[in-house]
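What follows is one structure encoded as structure tokens, with my remarks underneath.
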Amino acid sequence: MTPAFQLVVFVLIVTSFILLISVPVVFASPEGWSSKKNVVFSGAALWVGLLFLVAVLNSLIS
């Protein structure tokens, strides 16, 4: 169970870094928000889902 937990935490960290870089770039680019809105919302939904998954796995391990 611990390797799965570590993998999910790693994916959460990588997703956080990707969103940290990509969201400001989307907002700064002309016509970026209107064309990339779905990608930003999908990334945010993935991040929230991973956050809840980490919480559930953490409660099972502890």
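According to numbering that gives the first Met the number 0, the sequence shown is numbered sequentially starting from 0.
Note that beta-carbon positions come from the ideal geometry of N, C-alpha and C, so glycine has one too.
Cα-Cα separation, residue i to residue j
i, j, result
"residue 24", "residue 61", "38 Å"
"residue 46", "residue 16", "11 Å"
"residue 36", "residue 49", "20 Å"
"residue 38", "residue 3", "26 Å"
"residue 42", "residue 1", "25 Å"
"residue 13", "residue 28", "23 Å"
"residue 20", "residue 9", "17 Å"
"residue 44", "residue 54", "15 Å"
"residue 34", "residue 18", "16 Å"
"residue 52", "residue 40", "18 Å"
"residue 26", "residue 11", "22 Å"
Integer Cβ distance of residue i from residue j, believed to fall under 8 Å
i, j, result
"residue 59", "residue 7", "In fact, because the Cβ distance is near 12 Å, the residues do not count as touching under 8 Å."
Unbroken stretches of the alpha helix (DSSP H), 4 residues or longer, contained in the stretch 12-39: Qualifying alpha helix (DSSP H) stretches: none in this window.
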